[in-house]
Structure formats: structure tokens, C-alpha cells
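Student:
In UniProt numbering, the protein residues as written are 1 to 210.
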């Protein structure tokens, strides 16, 4: 069996259809209207695929709204965890959307640039960012984290925070897989895609010591 996988920058039209609002069933249109009237404002990314099952799309968008907008983790660090996840999975669309959102939330653009290039981020005196990065990196790389990395998150945000951060990482891994497998295209004028091969998971470099 040939495992050659066409992914990444070669994506253009996508593998899956996206119904236009006028073509939606009543159930699809109800979920669509909920999404575009909420904090997202538009229907983008994986929800375009999930809308084929409106019940799934509804549950998906509700969970996503909590994890993207309503956790106790500061928005810039929530976005940092999403960027690390997007880089691990080589998800161009996830990266494109959340690099912009991370900048708006106040994440130092040097952190995003280092992650994008596959280098070791230097978080300097930003211990909270280093802790979130390492938690995400270890969980994405090993499927688990060390006691020290786990305890650092609990010490800073409590058990609620560590549960939320883990859920964010898991949710955006699902998002990345959905975007990749359905080849959901980048928006027009999105700019450069992530560098490197897209037919395997990307390695994540440990953060530099502060």
C-alpha cells in the first residue's frame, strides 16, 4: 500500500463540499446562524466540514467557544498552545487563523516566529509562556508530561487551568486533523504556509532555559 500523502501547500480546492447558506437544511442553517452571530463572526475551518452533521457541528462549536474564549488561561497563552499544536500537525489554516489571533491577544511575535521555524523559543522572563509551551510540546510529543511541567501549570492556574489547557490541546489537535484530512483550503491572500514537509508530524524543540 502506498502511503504517499498529498498535504500542505498543495491544498487548493479541498476534498469535501461546503454547502452555501441557501442550500443548507433547516438544521444546518440553524447551527450556521448560531455560529456567525457568535464571537467567531464567520463559519471557517473545521466547522465547514462538521456542518454535514449539524448535531456534531453544534456540539463542536459550543465546545470550541468555551475552549477558545472562556477558559481561565490568558488569551495570549491559550493562543500559544494552539500555535504549538498547529505547528506539530503542520496545519496551515489553523496556524494562519491563530497566528493573527495570538498577535491580537498580545503574544510576543518572536515566540510565534520561533515556533514556525522549528527553532527553540526563548521566552526570556516570561515564565508563564515557557510553562504553557513546554506542557503543550511534551503532550504533543510524548502523549504525557513530566511531573515538573504538570505541577507548574497547577501552581499557576490550579486544577481548573490544567484541565482546560489539556482540553485546548486535545481540541485543537482534532481541529488540525480535520483541516488536514479534508484539505480545507486557506483563505485568499493568506500568505506563506508553514515551512518544511507536511507528510509527517513536525518536531517541537524544547524551550530555552530562562
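Note that beta-carbon positions come from the ideal geometry of N, C-alpha and C, so glycine has one too.
Could you tell me whether the Cβ atoms of residue 168 and residue 35 are closer together than 8 Å?
Tutor: Residue mapping note: residue 168 aligns to position 168 of the chain shown, counting from 1. Residue mapping note: residue 35 aligns to position 35 of the chain shown, counting from 1. No, the Cβ-Cβ distance between residue 168 and residue 35 is not below 8 Å.
Student: Measure the alpha-carbon distance for residue 195 versus residue 116 and round it to whole angstroms.
Tutor: Working through the chain shown from its first residue, we reach residue 195 at position 195. Working through the chain shown from its first residue, we reach residue 116 at position 116. Roughly 8 Å between the two C-alpha positions.
Student: So residue 111 is in the alpha helix (DSSP H); what residue range does that whole segment cover?
Tutor: Taking the chain shown and counting its residues from 1, the one referred to as residue 111 is at position 111. Taken as a continuous stretch (DSSP letters only), the alpha helix (DSSP H) holding residue 111 covers 109-117.
Student: Counting contacts by CB-CB distance shorter than 8 Å, is residue 62 in contact with chain C?
Tutor: The structure shown contains no chain C; it is built from a single protein chain.
Student: Determine the closest residue to residue 155 out of 138, 91, 132, with distance taken between C-alpha atoms.
Tutor: Numbered from 1 along the chain shown, position 155 holds the residue referred to as residue 155. Nearest option by C-alpha distance: 132.
Student: For residue 84, which option in 61, 129, 209, 158 has the closest C-alpha, if you only look at C-alpha atoms?
Tutor: Looking up residue 84 in the chain shown gives position 84. Nearest C-alpha to residue 84: 129.
Student: For residue 182 versus residue 14, is the C-beta spacing smaller than 8 Å?
Tutor: Translated into the one-based positions of the chain shown, residue 182 becomes position 182. Translated into the one-based positions of the chain shown, residue 14 becomes position 14. Yes. Within cutoff.
Student: Can the beta-carbon of residue 120 be found less than 8 Å from the beta-carbon of residue 203?
Tutor: As a first step, residue 120 must be located in the chain shown, where it is residue number 120. As a first step, residue 203 must be located in the chain shown, where it is residue number 203. Not a contact, by the Cβ cut-off of 8 Å.
Student: My understanding is that residue 107 touches residue 63, with C-beta atoms under 8 Å, so please give their C-beta distance in whole angstroms.
Tutor: Taking the chain shown and counting its residues from 1, one reaches residue 107 at position 107. Taking the chain shown and counting its residues from 1, one reaches residue 63 at position 63. Between residue 63 and residue 107 the Cβ distance is about 23 Å, and since that is not below 8 Å, they are no contact.
Student: Using only CA atoms, which one of 39, 150, 37, 43 lies nearest to residue 19?
Tutor: Within the chain shown, numbered from 1, the residue matching residue 19 stands at position 19. Minimum Cα distance to residue 19 is reached at 43.
Student: Given that a residue counts as buried once 16 or more other Cβ atoms are within 10 Å of its Cβ, and exposed if not, what is residue 180?
Tutor: By 1-based counting over the chain shown, the position of residue 180 is 180. Looking at its Cβ environment, which holds 16 or more other Cβ atoms inside 10 Å, residue 180 is buried.
Student: Go through its chain and collect everything with a Cβ distance to residue 140's Cβ below 6 Å, but skip five positions before and after it.
Tutor: By one-based count along the chain shown, residue 140 stands at place 140. Here the set comprises 88.
Student: Just to confirm my understanding: we take residue 48, look at its own chain, exclude 5 residues before and 5 after, and list those with CB closer than 7 Å. What are they?
Tutor: Numbered from its first residue, the chain shown carries residue 48 at position 48. Taken in chain order, the residues that qualify are 18, 184.
Student: From residue 127 to residue 188, what distance separates their C-alpha atoms?
Tutor: Your numbering for residue 127 matches position 127 in the chain shown. Your numbering for residue 188 matches position 188 in the chain shown. If you take the alpha carbons of residue 127 and residue 188, they lie about 36 Å apart.
Student: Buried or exposed: which applies to residue 96, given that a residue is buried once 16 or more other Cβ atoms fall within 10 Å of its Cβ?
Tutor: For the purposes of this step, residue 96 is taken as residue 96 along the chain shown, with counting starting at 1. So residue 96 counts as buried.
Student: Is it buried or exposed, residue 170, if we count other Cβ atoms within 10 angstroms and call 16 or more buried?
Tutor: As a first step, residue 170 must be located in the chain shown, where it is residue number 170. Its Cβ having fewer than 16 others within 10 Å, residue 170 is exposed.
Student: Quick check on residue 125: does DSSP put it in helix, strand or coil?
Tutor: Residue 125 sits at position 125 when you count from the first residue of the chain shown. Residue 125 falls in the coil class under three-state DSSP.
Student: Is the CB-CB distance between residue 176 and residue 99 below 8 Å?
Tutor: Here residue 176 corresponds to residue number 176 of the chain shown, with the count starting at 1. Here residue 99 corresponds to residue number 99 of the chain shown, with the count starting at 1. No.
Student: For residue 102, is the classification buried or exposed, using 16 other Cβ atoms within 10 angstroms of its Cβ as the cut-off for buried?
Tutor: Start at 1 with the first residue of the chain shown, and residue 102 comes out as number 102. Residue 102 should be labelled buried.
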